[in-house]
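These notes are about the structure you will find just below.
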Amino acid sequence: MTTNLPFFSVFGAERGTNTQGDVLVSQTSDGTDLNAVWAEFLETLDIYNQHRTALASLISYQTTRQIDAVPQSVAGAQFEVASEFGVPQGNRLPNDVLKLGYGFEDYDIASRFTWKYLRDADTRQVEAVHASVLEGANRKTTTAVLSRLFDPAQGTTPEGNPEYGLYSGDGFHIPSYLGAEFDPDTDTHYLTTGSAVLDPSDVETLLEKVSGKGFNADSGRKLLILAHPNEAKVVATFRAGEPGADSVEAHFDFIPSVAAPARLVTEQIIGEQAPAQWNGLPVLGSYGDALVIESRFIPAGYVAVVASAGPNAEGNPVGFRVHANPDYQGLRIIPGSDQRYPLISSYYALGFGVGVRHRGGAAVIKVTTSTSYTAPVFPN
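For the sequence shown, counting from 1, position 26 maps to 64 in this note's numbering; every step adds exactly one.
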């Protein structure tokens, strides 16, 4: 949530008590009851906690667990030919289950208003501070999910469990898929273009990295190409049969979505055009089987391909951990020390953590001449 309202400097510290400070202020300058504003804040927080940003929810799955044992393959059970007297083999969990931990951290921020400020401020000024907190929480959770996706570094959770990124050539077993085998020491989902431009072959390599391990439509997932506007404009120029800067021809055409502006064309579209939106995200167009999503949350110079199973679906690549106690989940607002009018001093609290669930469910690339991948730095 963002706001275009003016931001006023209302944060400060209480400096003791004096006679003026004992005066009770029960409404803003436009006559709005502070308790009504407080109730509105609680309502907007409830809406926020139900609907995290569409981008983060399509990449992640909310869980309360510290660690999960998640199968890394998407292959189903193997049937055998039945015999008249034989007993069939029993089906069991796949042997490629990996224990994956999720980090967790608590965050907070305070809002403080003096009674004089509330006396002279109108409701819009007070709401502007609340709106900025909602935007900050939105940004914090979304960038945390994306940062985990783009960073290959292995972390450690507060409980001492390993917190993984995507496959990074770290030697961990990669399950085979439809007869294809993968070298765990060299197969990485963190790539570089090796040149200063993004070519069609780069994007197609990302698509193959993910779909080639079973994370595709056959497993109930949709491939998403997530790109900053700078790179999304480049993807929009890809045409089948035309070579990129690396002289490798593109295999697909970029096709604008139905939301694209009016334009003159001579080509004929064969197949279904991409929708204007997919689960709340605006769609720029399609490339092959994937939808192209343009987002400024994606750092410039990077592109990701993600296999999404839908909003907050268990098949999404990143786990988003919340506290096991429902009372401590989501963004919470807590009255401050002055209980008579809690809006005068209040605290916002947010606790969460992230960790990759499906190490093959996404792949990322950095546009650089270097052969070494480095993770982007996301703003706090």
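For every residue, glycine included, the Cβ atom is placed at its ideal position computed from N, Cα and C. Keep in mind it's a predicted model, so treat the numbers as computed, not measured.
Are the Cβ atoms of residue i and residue j separated by less than 8 Å?
i, j, result
"residue 359", "residue 392", "yes"
"residue 199", "residue 91", "no"
"residue 396", "residue 108", "yes"
"residue 346", "residue 262", "yes"
"residue 264", "residue 401", "no"
"residue 413", "residue 188", "yes"
"residue 276", "residue 340", "no"
"residue 231", "residue 205", "no"
"residue 144", "residue 362", "no"
"residue 407", "residue 233", "yes"
"residue 357", "residue 98", "yes"
"residue 273", "residue 399", "no"
"residue 350", "residue 104", "no"
"residue 323", "residue 298", "yes"
"residue 293", "residue 312", "yes"
From which residue to which residue does the beta strand (DSSP E) around residue i run?
i, result
"residue 236", "Careful: residue 236 lies outside any beta strand (DSSP E) and carries neither H nor E."
"residue 136", "135-139"
"residue 370", "370-373"
"residue 105", "105-109"
Which stretch, first to last residue, makes up the alpha helix (DSSP H) that contains residue i?
i, result
"residue 161", "161-188"
"residue 157", "153-158"
Bridge partners for residue i per DSSP, in chain order?
i, result
"residue 356", "98 and 394"
"residue 144", "389"
"residue 340", "404"
"residue 292", "325"
"residue 150", "383"
"residue 315", "320"
"residue 331", "264"
"residue 195", "The partner list for residue 195 (beta bridge, DSSP) is empty, contrary to what the question assumes."
"residue 349", "Residue 349 pairs with nothing; no bridge assigned."
"residue 200", "194"
"residue 287", "281"
Excluding sequence positions up to five away, which residues of its chain have a Cβ less than 7 Å from the Cβ of residue i?
i, result
"residue 201", "139, 140, 141, 192, 193, 194, 195 and 393"
"residue 94", "179, 180 and 183"
"residue 334", "266 and 267"
"residue 243", "229"
"residue 259", "253, 345, 346, 347 and 353"
Can you list, in chain order, the residues of its chain with a C-beta nearer than 6 Å to that of residue i? Leave out the 5 residues immediately preceding and following it.
i, result
"residue 89", "Because residue 89 carries a pLDDT of 48, less than 50, the predicted location of this residue cannot be relied on, and the following value inherits that uncertainty. Hits under 6 Å: none found."
"residue 222", "209, 210, 211 and 212"
"residue 374", "383 and 384"
"residue 135", "107 and 109"
"residue 190", "203, 206 and 228"
"residue 309", "none"
Please work out which residues of its chain come closer than 8 Å, Cβ to Cβ, to residue i, disregarding the five sequence neighbours upstream and downstream, and give them in chain order.
i, result
"residue 285", "none"
"residue 250", "215 and 218"
"residue 372", "384, 385, 386 and 387"
"residue 148", "49, 374, 383, 384, 385 and 386"
Segments assigned alpha helix (DSSP H), at least 4 residues, entirely inside the region 203-282: 238-249 and 267-273
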